[in-house]
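Student:
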Amino acid sequence: MAQMFPGKFAYFEGAYVPIEEAKISIMTHAFNYGTGLFEGIRGYYSEKKKAILIFRLKEHIDRLVRNCRILCMEIPETPENIENICIDLVKKSGFKEGVYIRPIIYKSELSLGPLLKGIESKLCCYVIKLGDYCDITSGLDVCVSSWRRLADNAIPSRVKATGSYINSALAASEAKQAGFSEAIFLNENGMVVEGSAMNIFLVHQGELITPPRSETILVGITRNTVIELVKKELGLNVIERPIARTELYVADEIFFCGTGAQVAPVRSVDRRIIGNGQPGPITKKLQEIYFQVVQGENEKYSNWCTVVPCE
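Going by this note's numbering, the sequence shown opens with residue 1266, and the numbers climb by one from there.
1. Ignoring anything shorter than 3 residues, give me the beta strand (DSSP E) runs that lie fully in the stretch 1359-1395, in order along the chain.
2. Is it the case that the Cβ atoms of residue 1499 and residue 1547 are separated by a distance below 8 angstroms?
3. Since I believe residue 1337 is in contact with residue 1370 (beta carbons under 8 angstroms), could you give me their beta-carbon distance rounded to a whole number of angstroms?
4. Suppose you measure from the CA of residue 1343 to the CA of residue 1321; what does that come to, to the nearest Å?
5. Would you report the Cα separation of residue 1461 and residue 1567, rounded to the nearest angstrom?
6. Output the boundary residues of the beta strand (DSSP E) element that contains residue 1473.
7. Let me know the secondary structure DSSP gives residue 1573 once reduced to three states.
8. Could you check whether residue 1401 and residue 1527 sit closer than 8 angstroms to each other, using their CB atoms as the reference points?
9. In this structure, what does DSSP give as the bridge partners for residue 1464?
10. Give every residue of the same chain whose Cβ lies closer than 6 angstroms to the Cβ of residue 1521, excluding the five residues on either side of it in the sequence, and list them in chain order.
11. Residue range of the alpha helix (DSSP H) that residue 1417 falls in?
12. Our contact map puts residue 1452 next to residue 1414 with C-beta atoms below 8 angstroms; I'd like the distance itself, whole angstroms only.
13. Mind checking whether residue 1425 and residue 1304 have CB atoms under 8 angstroms apart?
14. Does DSSP classify residue 1451 as helix, strand or coil?
15. Is the beta carbon of residue 1284 less than 8 angstroms from the beta carbon of residue 1301?
16. With distances taken from CA atoms, which of 1433, 1274, 1559 and 1394 is nearest residue 1450?
17. Mark residue 1467 as exposed unless 16 or more other C-beta atoms lie within 10 angstroms of its C-beta, in which case mark it buried.
18. Between the C-alpha atoms of residue 1350 and residue 1390, what's the straight-line distance to the nearest angstrom?
19. In the DSSP assignment, find the beta strand (DSSP E) that holds residue 1316 and state where it starts and stops.
20. Rounded to whole angstroms, what is the Cα-Cα separation between residue 1280 and residue 1292?
21. Assuming the contact rule is C-beta atoms closer than 8 angstroms, residue 1551 and residue 1494 should be a hit. Round their C-beta distance to whole Å, please.
22. Could you check how far apart the C-beta atoms of residue 1448 and residue 1437 are, in whole angstroms? I think they sit under 8 angstroms.
23. For residue 1483, which three-state DSSP category applies?
24. Taking residue 1319 as the reference, give the member of 1392, 1443 and 1492 with the closest Cα.
25. Expressed to the nearest angstrom, what Euclidean distance is found between the alpha-carbon atoms of residue 1486 and residue 1407?
26. Quick check on residue 1536: buried or exposed, where buried means 16 or more other Cβ atoms within 10 Å of its Cβ?
27. Count the other C-beta atoms from every protein chain shown that fall within 10 angstroms of the C-beta of residue 1270, then say buried if there are 16 or more, exposed otherwise.
28. For residue 1523, is the classification buried or exposed, using 16 other Cβ atoms within 10 angstroms of its Cβ as the cut-off for buried?
29. With DSSP as the reference, please indicate the residues paired to residue 1270 in a beta bridge.
30. Distance check for residue 1294 and residue 1376, CA to CA, integer angstroms please.
31. Would you tell me roughly how many angstroms separate the C-alpha atoms of residue 1409 and residue 1441, rounded to the nearest one?
32. Is it right to say residue 1416 is buried, meaning 16 or more other beta carbons lie within 10 angstroms of its own, or is it exposed?
33. Do you know how far the Cα of residue 1310 is from the Cα of residue 1556?
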């Protein structure tokens, strides 16, 4: 679990307030029913630029706003305003290191009843310091969870809904208690879906394989980034298709990706060593390229980084 070192301010009730004043009522609809949507956005500190580079800010906010339709949410701010709020909070934080930005749109009325339409929504946002969320060097020892990923026609996994993360918490907690670093979800059909809060890729005979959108995955922004970088920078094929559990055991390489996980190699699955038990060559090369991009060192992808000068 990431230790929380928050910035001094949050955006709450339409204003920037001291972080300790950003509080909701126990009667708030989202608190009672999990009716909130959020994004997790990273910013990387560049010593060279003396700035924090927010990675793919526009894409994150676009996804947040688009997914409001699923929960019948009125969007309380324009996408441009939400982007500016994220930027302002990074500036106000005064941090000169990696950060994590968490905008949340939530059902803010004090009301009972698990309904969606006609309930007011508001935006809040905060920033914390964040380094590496998990081991991205030696590799993770993971297990296939006994918990199944929620079906899209139950609780849609394509949205980052606050209430749906109980599914992730059950899988991740089970894995930790059994001595593993992370969990892999299967869906109700027994096919590989993703990690508890990150997408998954397999490398097999020089090709990358990842579950398709139809397999109840979160369509991750880091996932999209990885697919583009693999094709353009490594010249490799990426195949989106269903993956059987046993394919995990015979993969040449496996890695997770996500805003928190970044690009994290997997060392073993269900105590079966993957490859030679070390991060594979494709994973390591992808990590190298990925970190060059997010830290603003590859000008071809400079439009993915929003530069926030540090004062």
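Ideal Cβ positions, reconstructed from N, Cα and C, are used throughout, including at glycine.
Source: prediction; values computed, not measured.
Tutor: Straight from the coordinates:
1. Within the stretch 1359-1395, complete beta strand (DSSP E) segments of at least 3 residues are found at 1364-1372 and 1386-1394, given in chain order.
2. Closer than 8 angstroms, so yes.
3. Wrong, their Cβ atoms sit about 12 angstroms apart, outside the cutoff.
4. Spanning the two alpha carbons is a distance of roughly 17 angstroms.
5. Between residue 1461 and residue 1567, the C-alpha separation is close to 30 angstroms.
6. It spans 1472-1475 - the beta strand (DSSP E) in which residue 1473 sits, taken as one unbroken run.
7. In this structure, residue 1573 counts as strand in the three-state DSSP scheme.
8. Result yes, Cβ atoms of residue 1527 and residue 1401 sit closer than 8 angstroms.
9. Paired residue(s): 1522.
10. Closer than 6 angstroms at the Cβ level, and outside the excluded window around residue 1521, lie 1460, 1463, 1465 and 1529.
11. Annotation: residue 1417 is outside any alpha helix (DSSP H) and is labelled neither H nor E by DSSP.
12. Between the beta-carbon of residue 1452 and that of residue 1414 there is about 5 angstroms, and that keeps the pair under the 8 angstroms contact cut.
13. Against a cut-off of 8 angstroms, the Cβ pair of residue 1304 and residue 1425 comes out as a contact.
14. Here residue 1451 sits in strand by DSSP.
15. In this structure, residue 1301 does not lie closer than 8 angstroms to residue 1284 by Cβ.
16. It is 1433.
17. In summary, residue 1467 is buried, with 16 or more beta-carbon neighbours lying within 10 Å of its beta-carbon over all protein chains present.
18. If you draw a straight line from the Cα of residue 1350 to the Cα of residue 1390, it is about 8 angstroms long.
19. For residue 1316, the uninterrupted beta strand (DSSP E) run begins and ends at 1316-1320, by DSSP.
20. So the two alpha carbons sit approximately 21 angstroms from each other.
21. Right, their Cβ atoms sit about 7 angstroms apart.
22. About 6 angstroms separates the two Cβ atoms, so the contact holds.
23. Residue 1483 sits in coil when the DSSP states are folded into three classes, being neither helix nor strand.
24. When each option's Cα is compared against that of residue 1319, the closest is 1392.
25. Residue 1486 and residue 1407: Cα-Cα distance of roughly 23 angstroms.
26. Result: exposed.
27. Its Cβ having fewer than 16 others within 10 Å, residue 1270 is exposed.
28. So residue 1523 ends up on the buried side.
29. Per DSSP, none; premise fails for residue 1270.
30. Whole-angstrom Cα-Cα distance: 6 angstroms.
31. Distance between the alpha carbons of residue 1409 and residue 1441: 12 angstroms.
32. It counts as exposed.
33. If I take the Cα positions, the gap works out to 12 angstroms.
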